[in-house]
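A.B. asks: Have a look at the structure that comes next, please.
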Amino acid sequence: NPSPQRVYPRGKQEGTAHLESVRIREASRNDRGAIERLIDLGARDVRKRVGPHPCPVPIEDLGARGVAALVAEAQQKIVGSVAYRIRGGRMHFFNLVVDAKHRNIGIARRLVAELETIARKADAKHMTLQTIGELGVEELFVRLGFRVQSSKKEFLFANDRENALTTVFLVKRLAKFPGS
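End of the sequence shown sits at 168 in my numbering; the numbers just go up one at a time, nothing left out.
Here's what the structure looks like:
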């Protein structure tokens, strides 16, 4: 008699956390190794999907030049992270990555929501990010209130004149009060 097959919502796999059990917090220097591993796995996933692409921003910048990061923890393991910098009334975020086993349960959405809270507290007027269009993630950001400011095909490597990728720059204007 075969055991019943487990059904997980929206691609959820066995061993993944429930969104309610995920904790978002500021990253510390002690998180650096775990964040680097996560970013490396995310970069490998991107290379599989779209080919060569620019390297992620090095995590050694954490704490330098105003760069900070958030992590998402589940069962005392870092399963997501995002780096950001606030400068000149704008929060720019980058290196948003969620462990493949924990995707599609809302972790990226929670990280971005926490970034927005931080941006508002810092009186930032805008939030921005840049992504590769071929990854198909810009719709997530549009649903979160971002709009595409520019989108253009670029040859991201001087030695590669065949594989142009679409660089998409998104922006979200932050109203003084949420909902206004």
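Note that the Cβ used here is the ideal one computed from N, Cα and C, for glycine as well. All values derive from a computational prediction rather than experimental measurement.
#1: Going by alpha carbons, who is nearest to H80 out of R53, R20, I66, Q64?
#2: What is the rounded straight-line gap between the Cα of T119 and the Cα of A163?
#3: Determine contact between the region 123 to 137 and the region 105 to 113, defined as no fewer than three beta-carbon pairs at a distance below 8 Å.
#4: Report all residues from its chain with a CB closer than 8 Å to the CB of V159; omit the five preceding and five following residues, and keep chain order.
#5: Helix, strand or coil for L162 per DSSP?
#6: Nearest to D19 by alpha carbon, out of S69, R37, E126?
#7: Nearest-angstrom Cα distance between R91 and A62?
#8: Using DSSP with H/G/I as helix, E/B as strand and the rest coil, what is R53?
#9: Excluding sequence positions up to five away, which residues of its chain have a Cβ less than 8 Å from the Cβ of A88?
#10: Is it right to say E104 is buried, meaning 16 or more other beta carbons lie within 10 angstroms of its own, or is it exposed?
#11: Helix or strand or just coil, what does DSSP make of I74?
#12: Could you give the DSSP three-state label for F134: helix, strand or coil?
#13: For the beta strand (DSSP E) holding G11, just list the boundary residues, first then last.
#14: Grab me the residues of R98's own chain with a C-beta within less than 6 Å of its C-beta, minus the 5 sequence neighbours each way, in chain order.
#15: Secondary structure at G68, three-state DSSP: helix, strand or coil?
#16: With DSSP as the reference, please indicate the residues paired to H80 in a beta bridge.
#17: Looking at I23: is its Cβ nearer than 8 Å to the Cβ of A57?
#18: Does the Cβ-Cβ distance between V38 and E122 come in under 8 Å?
C.D. replies: Put simply:
#1: R53
#2: 23 Å
#3: no
#4: H114, M115, T116, F134, R135, Q137
#5: coil
#6: S69
#7: 12 Å
#8: coil
#9: L29, D33
#10: buried
#11: strand
#12: coil
#13: Strictly speaking, residue 11 in this sequence is Arg, with Gly absent from that position. Residues 11 to 14.
#14: I12
#15: strand
#16: R73, T116
#17: yes
#18: yes
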